[in-house]
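Undergrad: Numbering (the numbering used here), first residue to last: 26 to 865. Quick one: the structure is below, and I'll ask about it shortly.
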């Protein structure tokens, strides 16, 4: 940091964290380099060890382990220094005795002041699920500066586990360097706060990622900023300020990027937390508030957007406003409206510490029930509820939880829990019985959940926000349509023309000219005309057919000649010649037509040539060709898909009998998209399944895959459940038909979006792109559809479905949309129960 900036920050009352006084053994700031070498004596449950207890093996290229390697499961290390975290994967050794090598063994941390280094050791879940299933092998801690100057490595004992780990550390002083924008790689904006934008930036020399607040210099010198903090913020549950530097127009404040995402986004996915999980989160938030009240006098600032999880699963409160605070008598308050302010603030009083205890009660209520207290779709109603309505405490909550929430949400600040004894009074409540507060403050209480990497903006549904109120509706149980027993005999659905034959429409035949020509020709007996068979189009990346070279002197047609003749006959419409060719015998599960890459059966289906389709099926063509592994684009697939696309019921009936379960369900989804009710009935009559099974959908591109693709490998459009497609359309009759044939009303879906055509006709995006159909129906404001789904057994308490595969992350639903949908679903369930009781 430059001398000019330090002087300017002092004048502007901004806390200069990086100006820590020198320590006897080191000068600050600097860069700490940590190298892992090896571990010995680690232990893990059997299901997490190497699956085959296998022999030595390697990966190519070195250091790049395949995502689903079945032969190894090495530990990985998560290193943390003052909220900055780095992960080091291991690719050598064994589960019990891992080895880190080369650049994969080293990471760097920026050191603004002295702190401890924590190394957490994990084994990945061998089943490939979310990080919360990875097992903690143990933790090693050290003061990295205690042994500076020593050349030897250090062996650290693994706590809460077994074994030791060998590491080395190095430190470089950087106090003579001036920090600027050139030292960072800016990764994009992630939000906007009260004084400016928040971006994500990576420091080039250490590769550590930071959240960066960009403030106009004119803003931070204004009268709104009257005084700086007296000392740096130092609490295990609050993100610290690490760097500050200025450019010509802006002030840049940088704090460690907290990668686990917002706590309340995770709450949306879980719907609600159990009491034990909510208790730990509340305890960590309480410790952070206690510190801010006591050490800095800061209060009345906390919002859901400020509460995040680190990659281990601990709470981290994040707000740059903590470093630019305003004095209000004896307490410091930060500008901004709380999402659910206490009554006294709504009535015009200044915020105080009592407001934080109210907010803690709001958070605890939402964690345990899934929605905030006093919630309403109309923000003005939220205000009235806070001022006048009693808190509704669900019976399912424990007495201790209900008592604590009621006391924290007391409308009279003087009577609120914490008014007399502060945080200590709250800690003593029965809800926290059994909590070891020493373990909490030392972050030694193991979280039950570890999040993945998330960098998403957070939008609130606050009292001050204005939203259009959605009109309510009543719920009556609809009658589900019963399966039609005579679907197979519906003459309007199933064609009765079962006697189609290959036609000899043009008189052309196929003849084989023996030696010395050894080639096919087309021959017209009427005109005695002969035509050569042109060579077929070859896909530029098609593999060379090595079988031809062995048969070049044969008196019989070779494979490539038969393929040339088949392509030419199909394109010329010589169906009889095609029939003659097949008497020579040939594999029909091939790609023809060059870059179009169609099989003969696909081509015949696309041209709705029933005779050829029958012929190819009789000669052994596989209706399920091509398989996923053979396809190079997301379009196409088995011939049944094309038959449904053409709306040809005769072809569909021919093909569906032998088509695979997965392809048949894909075809059903296509028919639903096309609103082709007769086709849907036909497919259902042949017992086509309405749902996919887990594992049916292809995997997305792996994050380590460096290949270039122009489409989503996981094919989200084709693997959307048919019921989800019907709900997306708002097609109640189609949804009723699918439910009557066994569609799972609670089946998950992923990556559901509007098509380009649909998007041009819609005003609202699909926010529940990963979810369940009842949520989608409510978001799209389809009351009749919601009625149908609830009557069919839809549940609203199930957690958001996850697809735990590399390369996929379920999108976060904006907070306001999620709360509106869940509140309306709850109201719908209550209304339906009441109407059912009235009719009983």
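Just so it is clear, CB atoms sit at the ideal spot from N, CA and C, and this is done for glycine as well. These figures come from a predicted structure and were not determined experimentally.
Report yes if the CB atom of residue 697 is closer than 8 Å to the CB atom of residue 773, and no otherwise.
TA: Mapped onto the chain shown, residue 697 falls at position 672. Mapped onto the chain shown, residue 773 falls at position 748. It is not a contact, given that the beta carbons lie outside the stated cut-off.
Undergrad: Since residue 804 and residue 842 should fall inside the 8 Å C-beta cutoff, what is the C-beta to C-beta distance between them, to a whole number of angstroms?
TA: On the chain shown, residue 804 is found 779 positions in, with the first residue counted as 1. On the chain shown, residue 842 is found 817 positions in, with the first residue counted as 1. Sure, about 7 Å apart at Cβ, within 8 Å.
Undergrad: What whole-angstrom Cβ distance do residue 282 and residue 236 have, given they're in contact under 8 Å?
TA: Taking the chain shown and counting its residues from 1, one reaches residue 282 at position 257. Taking the chain shown and counting its residues from 1, one reaches residue 236 at position 211. Rounded, the Cβ-Cβ distance is 5 Å, consistent with contact.
Undergrad: Only counting the same chain, and skipping five residues up and downstream in sequence, which positions put a Cβ closer than 6 Å to that of residue 556?
TA: Residue 556 sits at position 531 when you count from the first residue of the chain shown. Here the set comprises 547.
Undergrad: For the region 112 to 200, which segments carrying the beta strand (DSSP E) assignment without a break, of at least 3 residues, lie completely within its bounds, in sequence order?
TA: 131 to 136, 142 to 148, 160 to 167, 179 to 182 and 189 to 198
Undergrad: Alpha carbon to alpha carbon, what distance is there between residue 622 and residue 227?
TA: Taking the chain shown and counting its residues from 1, one reaches residue 227 at position 202. Taking the chain shown and counting its residues from 1, one reaches residue 622 at position 597. C-alpha separation (whole angstroms): 45 Å.
Undergrad: When we look at the beta-carbon of residue 782 and count the other beta-carbons within 10 Å, is it buried (16 or more) or exposed?
TA: Walking along the chain shown from the start, residue 782 turns up at place 757. Residue environment: residue 782 is assigned as exposed (fewer than 16 neighbouring CB atoms within 10 Å of its CB, all protein chains considered).
Undergrad: Excluding sequence positions up to five away, which residues of its chain have a Cβ less than 8 Å from the Cβ of residue 311?
TA: Working through the chain shown from its first residue, we reach residue 311 at position 286. Excluding residues within five positions, the ones whose Cβ falls inside 8 Å are 385, 448, 451 and 452.
Undergrad: Apart from the five residues on each side of it in sequence, which residues of its chain come closer than 6 Å, Cβ to Cβ, to residue 593?
TA: As a working note, residue 593 is residue 568 in the chain shown. Excluding residues within five positions, the ones whose Cβ falls inside 6 Å are 558 and 559.
Undergrad: CA-CA distance, residue 821 and residue 101?
TA: Here residue 821 refers to the residue found at position 796 of the chain shown. Here residue 101 refers to the residue found at position 76 of the chain shown. One C-alpha to the other measures close to 37 Å.
Undergrad: Which residue from 164, 208, 204 and 201 puts its Cα closest to that of residue 189?
TA: If you number the chain shown from 1, residue 189 lands on position 164. The shortest C-alpha separation from residue 189 is found at 164.
Undergrad: Go to residue 548, then tell me how far its beta strand (DSSP E) extends in each direction, as first and last residue.
TA: Looking up residue 548 in the chain shown gives position 523. From DSSP, the beta strand (DSSP E) with residue 548 extends over 544 to 549.
Undergrad: Within the region 634 to 722, note down every full alpha helix (DSSP H) run reaching 4 residues or more, in order along the chain.
TA: 635 to 643, 664 to 671, 674 to 681, 686 to 698 and 702 to 710, all fully within the region 634 to 722.
Undergrad: Indicate the three-state DSSP secondary structure (helix, strand or coil) for residue 808 in the structure shown.
TA: Along the chain shown, read from residue 1 onward, the residue named residue 808 stands at position 783. If DSSP states are grouped into helix, strand and coil, residue 808 belongs with the helices.
Undergrad: Which whole-angstrom value describes the C-beta separation of residue 715 and residue 768, a residue pair presumed to lie in contact below a C-beta threshold of 8 Å?
TA: Position 690 of the chain shown, counted from the first residue, corresponds to residue 715. Position 743 of the chain shown, counted from the first residue, corresponds to residue 768. Residue 715 to residue 768, Cβ: 4 Å. Contact.
Undergrad: Taking only three categories from DSSP, how would you classify residue 859?
TA: Here residue 859 is taken as the residue at index 834 of the chain shown, counted from 1. Three-state result, residue 859: helix.
Undergrad: Using 8 Å as the cut-off, can you tell me whether the region 315 to 331 makes contact with the region 273 to 282, which would need three or more C-beta pairs spanning the two stretches below that distance?
TA: Short answer: they don't touch.
Undergrad: Just mark residue 798 as buried or exposed, buried being the case when its beta carbon has 16 or more other beta carbons within 10 Å.
TA: One-based indexing of the chain shown puts residue 798 at position 773. It is buried - the Cβ of residue 798 has at least 16 other Cβ atoms within 10 Å.
Undergrad: Hey, could you find the ends of the beta strand (DSSP E) residue 557 is sitting in?
TA: On the chain shown, position 532 is the one that residue 557 refers to. Its beta strand (DSSP E) spans residues 554 to 557.
Undergrad: If you drop the 5 nearest sequence neighbours on each side, which residues of the same chain put their C-beta closer than 6 Å to that of residue 624?
TA: Counting from 1 along the chain shown, the entry for residue 624 is found at position 599. Once the five neighbours on either side are set aside, the close Cβ partners of residue 624 are 650.
Undergrad: On the DSSP bridge list, what partners appear for residue 746?
TA: Indexing the chain shown from 1 puts residue 746 at position 721. None, per the DSSP bridge assignment.
Undergrad: Alpha carbons only, please: which of 293, 241, 141 and 225 is nearest the one belonging to residue 845?
TA: Indexing the chain shown from 1 puts residue 845 at position 820. Nearest C-alpha to residue 845: 293.
Undergrad: Following the continuous alpha helix (DSSP H) through residue 381, name the residue where it begins and the one where it ends.
TA: The sequence position of residue 381 within the chain shown is 356, counting from 1. Element bounds for residue 381: 378 to 394.
Undergrad: Under a Cβ-count criterion, where at least 16 other Cβ atoms within 10 Å of its own Cβ denotes burial, should residue 708 be classed as buried or exposed?
TA: One-based indexing of the chain shown puts residue 708 at position 683. By the 10 Å Cβ count, residue 708 comes out buried.
Undergrad: By Cβ distance below 6 Å, which residues in the same chain neighbour residue 849 in space, the five residues on each side in sequence not counted?
TA: Here residue 849 corresponds to residue number 824 of the chain shown, with the count starting at 1. Result list for residue 849: 803, in chain order.
Undergrad: Which residues in the same chain have their Cβ closer than 8 Å to the Cβ of residue 677, if we skip the five residues on either side of it in sequence?
TA: Here residue 677 refers to the residue found at position 652 when the chain shown is read from its first residue. For residue 677, where only same-chain residues beyond five positions count, the Cβ hits under 8 Å are 665, 668, 669, 692, 704, 707 and 708.
Undergrad: Near residue 536, what residues of its chain come up, given a Cβ to Cβ distance below 6 Å and the 5 sequence neighbours on each side ignored?
TA: Against the chain shown, residue 536 aligns to sequence position 511. Within the same chain, residue 536 has close Cβ partners 546 and 548.
Undergrad: Would you please state the rounded distance, in angstroms, between the beta carbons of residue 770 and residue 764? I believe it to be under 8 Å.
TA: Sequence index remark: in the chain shown, residue 770 carries index 745 (1-based). Sequence index remark: in the chain shown, residue 764 carries index 739 (1-based). So it is a contact: roughly 6 Å between Cβ atoms.
Undergrad: Using only the alpha-carbon positions, how far apart do residue 847 and residue 261 sit?
TA: Residue numbering aside, residue 847 sits at position 822 when the chain shown is read from its first letter. Residue numbering aside, residue 261 sits at position 236 when the chain shown is read from its first letter. One C-alpha to the other measures close to 34 Å.
Undergrad: Could you please give the first and the last residue of the uninterrupted beta strand (DSSP E) stretch that includes residue 536?
TA: Residue 536 sits at position 511 when you count from the first residue of the chain shown. Per DSSP, residue 536 belongs to the beta strand (DSSP E) from 534 to 538.
Undergrad: Could you check what DSSP says for residue 11 in three-state terms: helix, strand or coil?
TA: Any property of residue 11 remains undetermined from this structure, which presents the chain solely from 26 to 865.
Undergrad: Applying the 10 Å Cβ sphere with the 16-neighbour rule, what's the burial state of residue 550?
TA: As a first step, residue 550 must be located in the chain shown, where it is residue number 525. Exposed.
Undergrad: Please classify residue 420 as buried or exposed, where buried requires at least 16 other C-beta atoms within 10 Å of its C-beta.
TA: Locating residue 420 in the chain shown gives position 395, counting from the first residue. The residue in question, residue 420, is exposed, as its Cβ has fewer than 16 Cβ neighbours within 10 Å.
Undergrad: What first and last residue would you give for the alpha helix (DSSP H) that runs through residue 411?
TA: For this step, residue 411 is matched to residue 386 along the chain shown. Residue 411 -> alpha helix (DSSP H) spans 404 to 413.
Undergrad: Between which two residues does the alpha helix (DSSP H) holding residue 293 run?
TA: In the chain shown, counting from the first residue as 1, residue 293 sits at position 268. According to the DSSP assignment, residue 293 belongs to the alpha helix (DSSP H) that extends over 288 to 295.
Undergrad: For residue 209 and residue 60, I'd like the C-alpha separation in whole angstroms.
TA: Residue 209 sits at position 184 when you count from the first residue of the chain shown. Residue 60 sits at position 35 when you count from the first residue of the chain shown. Taking the straight line from one Cα to the other gives about 23 Å.
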